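J.: Got a structure for you, written out below as structure tokens; questions coming shortly.
2 protein chains.
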Amino acid sequence: MTTPARLASAAALIADPARAAMLQALMAGEALTAGELARSAGIAPSTASAHLAALTDGGLVAVHAQGRHRWFRIASEDVAAILESLMGLAEATRPARRWPHGEALHAARTCWDHLAGRLGVALHEGLVSRGVLRPAPGGWETTAAGDALLERLGVDLDAARRARRFACDCMDWSERRPHLGGGLARAICTLYLARGWVRRQPGEGLARRLVAPTPEGSRVLREAFGVRLDAEAA
Amino acid sequence: MTTPARLASAAALIADPARAAMLQALMAGEALTAGELARSAGIAPSTASAHLAALTDGGLVAVHAQGRHRWFRIASEDVAAILESLMGLAEATRPARRWPHGEALHAARTCWDHLAGRLGVALHEGLVSRGVLRPAPGGWETTAAGDALLERLGVDLDAARRARRFACDCMDWSERRPHLGGGLARAICTLYLARGWVRRQPGEGLARRLVAPTPEGSRVLREAFGVRLDAEAA
DNA sequence: TCTTCATTTCCGGCGGCGGCGAAGCACCGC
DNA sequence: GCGGTGCTTCGCCGCCGCCGGAAATGAAGA
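Protein sequence lines correspond, in order, to chains U and H. Residues 283 to 516 in this note's numbering are what the first sequence spells out, letter by letter. Residues 283 to 516 in this note's numbering are what the second sequence spells out, letter by letter.
In structure tokens form, the structure reads like this:
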């Protein structure tokens, strides 16, 4: 197979509305069953099964069979980053059109397993400008002072370091600037959800990705990293 | 139109082999005419015309009409970065398969208007570890010492600063680590080609993206940035 | 003005892919 | 063991999108 054909077939996996809907739902970071994904995309289970086989075969999603359920999730942070940047392309072509949750998604959402949107970008900037992170080959590393601050907050740095990448940039489609990805970003997001500093919104499909900082969360963001979020929402 | 459909239609623009081939050819950074792109993709001019209209309409390529020719180029560095990362997805799914110029493309190529591959990644690392660049919100900025070094080499920093982004990360599909993008990366690439420090290889389509450092270029890379390239090639 | 050439528009044809339902398979609980 | 449930396989249908050729358009050159 020649190279252009391979680029095309990789894109073709995302180019179907039903598959795109399933990928969007999975971008919330949680694993979902085949049935849930079929409902979320509005197609018959048999059709969804074929789509999921294609996505798995193409390396976009990973499966975990458990009993009579099959749980699907985004295969890797690389895949998540690619989907995130492709949404930027979709956004750029028709910037005027507003969709449900549009403004809320811009404000704060998850990107697979970490925080994105204005919240994610501001957090990234705060971590750098406060000297928690400094650049390293292929991404970022923590300073000694940064380690101390993160551990005081309760971030699981050991888990973060076990990831394939510790901290790297992930292009944010709504802000068109990078937010933080990698193991550290996941650990921070996990902590924020566990402590109730940000809360997931109810919903299905794309709405699964919505989060909102609680008052307590806003205070932590401001005091620890100097992140100030304007209070308006959709 | 709902969001999954928009993600899908953005991906669909890349999901056709003929369009993918044209985009690959344009990723060399130069503008090409509709006829050249038709030949490069192996399709009739009429078919190519329809494809190019779709790509233009979708914001992936930009047109410049001059006389009876129409010159097409990649629309922006964002688009180039997305195509580059999608190639990583194509690469990841079938890593074993080798294509023409495979190893040479991994070693050194252009990504739209800047350097990529092992050369591009090593250059990025060299710039950071030598203290030429330091992190800034949304990307990188030069240090005072860095400015002096780059100007001594002949890099057009004024032109670089006029770009929408001065210096940012661009995910390298073959190395799976970022190389440098933005105005600075373009200025450096332009200088290297003008001075004959790297040379384009002859060819068409994907091969347009191939470059190779000359002996003089290897010396400059080593002395200025500490970049040492292993000499093997395909 | 007439010719030439790059590009576009229109058209008919066709292949491929997504869609569903029915049947088959695997696993769980009773 | 037996029904219920989640998922997959199979077969078939309909439609969308890609294709090239012929004719039209528009700009360059003689």
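For each residue, glycine too, the CB sits at the ideal point set by N, CA and C. Since we're looking at a predicted model, the values are computed, not measured.
Starting from H:G465, trace the alpha helix (DSSP H) in both directions and tell me its first and last residue.
T.: What you label residue 465 of chain H is simply residue 183 of the second sequence in a count that begins at 1. Residues G465 to A476.
J.: Give me, in chain order, the residues of the same chain whose beta-carbon lies closer than 6 Å to that of H:P495; leave out the 5 immediate sequence neighbours on both sides.
T.: Counting from 1 along the second sequence, the entry for residue 495 of chain H is found at position 213. Once the five neighbours on either side are set aside, the close Cβ partners of H:P495 are V480.
J.: Any chance the CB of H:V343 is under 8 Å from a heavy atom of the ligand HEM?
T.: The model depicted lacks the ligand HEM and carries no ligand whatsoever.
J.: Using 8 Å as the cut-off, can you tell me whether the region 387-396 of chain H makes contact with the region 464-484 of chain H, which would need three or more C-beta pairs spanning the two stretches below that distance?
T.: yes
J.: Closer than 8 Å by beta-carbon distance: list the chain H residues that pair up with U:I296, in chain order.
T.: Sequence index remark: in the first sequence, residue 296 of chain U carries index 14 (1-based). Within 8 Å Cβ-Cβ: L289, A290, A293 and A297.
J.: Can you pull the chain H residues whose beta carbon is under 9 Å from the beta carbon of U:Q348, in chain order?
T.: Residue numbering aside, residue 348 of chain U sits at position 66 when the first sequence is read from its first letter. Those within 9 Å of U:Q348 in chain H number zero; the least Cβ separation is about 25 Å.
J.: According to DSSP, which residues form a beta bridge with H:F448?
T.: Walking along the second sequence from the start, residue 448 of chain H turns up at place 166. Answer is none; H:F448 lacks a bridge partner.
J.: Examine chain H for any beta-carbon lying closer than 9 Å to the beta-carbon of U:E514, and answer yes or no.
T.: Taking the first sequence and counting its residues from 1, the one referred to as residue 514 of chain U is at position 232. Interpretation of U:E514 is limited by its pLDDT of 43, a score under 50 that renders its predicted location unreliable; no figure is taken from the coordinates.
J.: Between U:E366, U:E359, U:V361 and U:A362, which lies nearest to H:D360 when the distance is taken from Cα to Cα?
T.: Indexing the second sequence from 1 puts residue 360 of chain H at position 78. Closest by alpha carbon: U:E366.
J.: Identify the contact partners of H:E407 in chain U, using a Cβ-Cβ distance below 9 Å as the criterion.
T.: As a working note, residue 407 of chain H is residue 125 in the second sequence. What H:E407 touches in chain U: P419 and G420.
J.: In whole angstroms, what is the alpha-carbon distance linking U:G499 and H:W353?
T.: As a first step, residue 499 of chain U is located in the first sequence; it is residue number 217 there, counting from the start. As a first step, residue 353 of chain H is located in the second sequence; it is residue number 71 there, counting from the start. Cα to Cα, the separation comes out at about 51 Å.
J.: For H:A445, which option in H:G465, H:D429 and H:D451 has the closest C-alpha, if you only look at C-alpha atoms?
T.: Locating residue 445 of chain H in the second sequence gives position 163, counting from the first residue. Nearest C-alpha to H:A445: H:G465.
J.: Look at the Cβ atom of H:M304, then the Cβ atom of H:A323, and state whether they are nearer than 9 Å.
T.: Counting from one through the second sequence, the residue named residue 304 of chain H turns up at place 22. Counting from one through the second sequence, the residue named residue 323 of chain H turns up at place 41. Contact flag set, yes.
J.: Distance check for H:R321 and H:R350, CA to CA, integer angstroms please.
T.: Reading the second sequence from its first residue, position 68 is the one you call residue 350 of chain H. Reading the second sequence from its first residue, position 39 is the one you call residue 321 of chain H. Cα to Cα, H:R350 sits roughly 17 Å from H:R321.
J.: State yes or no: is the C-beta of U:A363 within less than 9 Å of the C-beta of H:M309?
T.: Position 81 of the first sequence, counting from 1, holds the residue named residue 363 of chain U. Position 27 of the second sequence, counting from 1, holds the residue named residue 309 of chain H. Going by beta carbons, U:A363 and H:M309 fall outside the 9 Å limit.
J.: Taking H:R434 and H:T425 to be in contact with their CB atoms under 8 Å, please state how far apart those CB atoms are, rounded to whole angstroms.
T.: Position 152 of the second sequence, counted from the first residue, corresponds to residue 434 of chain H. Position 143 of the second sequence, counted from the first residue, corresponds to residue 425 of chain H. Contact doesn't hold; Cβ gap of about 14 Å is too wide.
J.: Please say whether U:L289 and H:I296 have beta carbons closer to each other than 9 Å?
T.: Here residue 296 of chain H refers to the residue found at position 14 when the second sequence is read from its first residue. Here residue 289 of chain U refers to the residue found at position 7 when the first sequence is read from its first residue. Contact: yes.
J.: Going by Cα to Cα distance, which pick from U:A302, U:A307 and U:H461 is closest to U:G487?
T.: As a position in the first sequence, residue 487 of chain U is number 205, starting the count at 1. Out of U:A302, U:A307 and U:H461, U:A307 has the C-alpha closest to the C-alpha of U:G487.
J.: Is U:G478 close to chain H? Criterion is C-beta to C-beta, closer than 9 Å.
T.: Counting from 1 along the first sequence, the entry for residue 478 of chain U is found at position 196. No - not a single Cβ of chain H is within 9 Å of the one on U:G478.
J.: Using the rule of at least 16 other Cβ atoms within 10 Å of the residue's Cβ for burial, across every protein chain shown, is U:D260 buried or exposed?
T.: For chain U, the structure presents residues 283 to 516; residue 260 of chain U sits outside this window and is missing.
J.: Using the Cβ count rule (16 or more neighbours within 10 Å means buried), how would you classify H:T329?
T.: The residue you call residue 329 of chain H lines up with position 47 of the second sequence. By the 10 Å Cβ count, H:T329 comes out exposed.
J.: Does the distance from the CB of U:G408 to the CB of U:V509 come in under 9 Å?
T.: Along the first sequence, one-based indexing puts residue 408 of chain U at 126. Along the first sequence, one-based indexing puts residue 509 of chain U at 227. Yes, Cβ-Cβ distance for U:G408 and U:V509 is below 9 Å.
J.: Which same chain residues end up closer than 8 Å to U:R447 when comparing Cβ atoms and leaving out the 5 residues on each side of it in sequence?
T.: Along the first sequence, read from residue 1 onward, the residue named residue 447 of chain U stands at position 165. Counting only Cβ-Cβ distances below 8 Å, and skipping sequence neighbours, we find E359, G420, G421, G463, G464 and G465.
J.: Just to make sure I have the definition right: I need the residues of chain H whose C-beta is within less than 7 Å of the C-beta of U:R459. Which are they?
T.: For the purposes of this step, residue 459 of chain U is identified with residue 177 of the first sequence, where counting begins at 1. By Cβ distance, chain H contributes G420.
J.: Taking the continuous beta strand (DSSP E) assigned at U:P419, which residues delimit it?
T.: Counting from one through the first sequence, the residue named residue 419 of chain U turns up at place 137. U:P419 -> no beta strand (DSSP E), and no H or E assigned at all.
J.: Cα separation between U:C471 and H:A442?
T.: By 1-based counting over the first sequence, the position of residue 471 of chain U is 189. By 1-based counting over the second sequence, the position of residue 442 of chain H is 160. So the alpha carbons of these two residues sit roughly 36 Å apart.
J.: Nearest chain U C-beta to H:G464 closer than 9 Å, yes or no?
T.: Sequence index remark: in the second sequence, residue 464 of chain H carries index 182 (1-based). No, its Cβ sits nowhere closer than 9 Å to a Cβ of chain U.
J.: Residues of chain H with CB closer than 9 Å to the CB of U:D360, please, in chain order.
T.: The residue labelled residue 360 of chain U in the question sits at position 78 within the first sequence. Correct list: S367, G370, L371, A374, M453 and R458.
J.: Could you give the uninterrupted runs of the alpha helix (DSSP H) lying entirely in the region 312-358 of chain U, keeping only those of 4 residues or more?
T.: 316-323 and 327-339
J.: Could you give the C-beta distance for U:A357 and U:G341, rounded to a whole number, given that I count them as a contact under 8 Å?
T.: Translated into the one-based positions of the first sequence, residue 357 of chain U becomes position 75. Translated into the one-based positions of the first sequence, residue 341 of chain U becomes position 59. Going by Cβ atoms, the distance from U:A357 to U:G341 rounds to 6 Å, so yes, they are a contact pair.
J.: Determine the extent of the beta strand (DSSP E) in which H:L397 is found, giving its start and end residues.
T.: On the second sequence, position 115 is the one that residue 397 of chain H refers to. Note, H:L397: beta strand (DSSP E), H396 to A398.
J.: On the three-state DSSP scale, how would you describe H:A390?
T.: Taking the first residue of the second sequence as position 1, residue 390 of chain H is located at position 108. Note: H:A390 maps to coil in three-state DSSP.
J.: State buried or exposed for U:E505, treating a residue as buried only when at least 16 other CB atoms are found within 10 Å of its CB.
T.: Locating residue 505 of chain U in the first sequence gives position 223, counting from the first residue. Answer is exposed; the Cβ neighbour count stays below 16.
J.: Can you tell me whether U:D339 is buried or exposed? The criterion is at least 16 other CB atoms within 10 Å of its CB, across all chains shown.
T.: Numbered from 1 along the first sequence, position 57 holds the residue referred to as residue 339 of chain U. With fewer than 16 Cβ atoms within 10 Å of its Cβ, U:D339 is classed as exposed.
J.: Pick out whichever of U:A300, U:E312 and U:A293 has its Cα sitting closest to the Cα of H:P299.
T.: In the second sequence, counting from the first residue as 1, residue 299 of chain H sits at position 17. Closest in alpha carbon position to H:P299, among U:A300, U:E312 and U:A293, is U:A293.
J.: Take U:F507 as the anchor and find which of U:V343, U:L405, U:C450 and U:A335 has the nearest alpha-carbon.
T.: Taking the first residue of the first sequence as 1, we reach residue 507 of chain U at position 225. The option with the nearest alpha carbon to U:F507 is U:L405.
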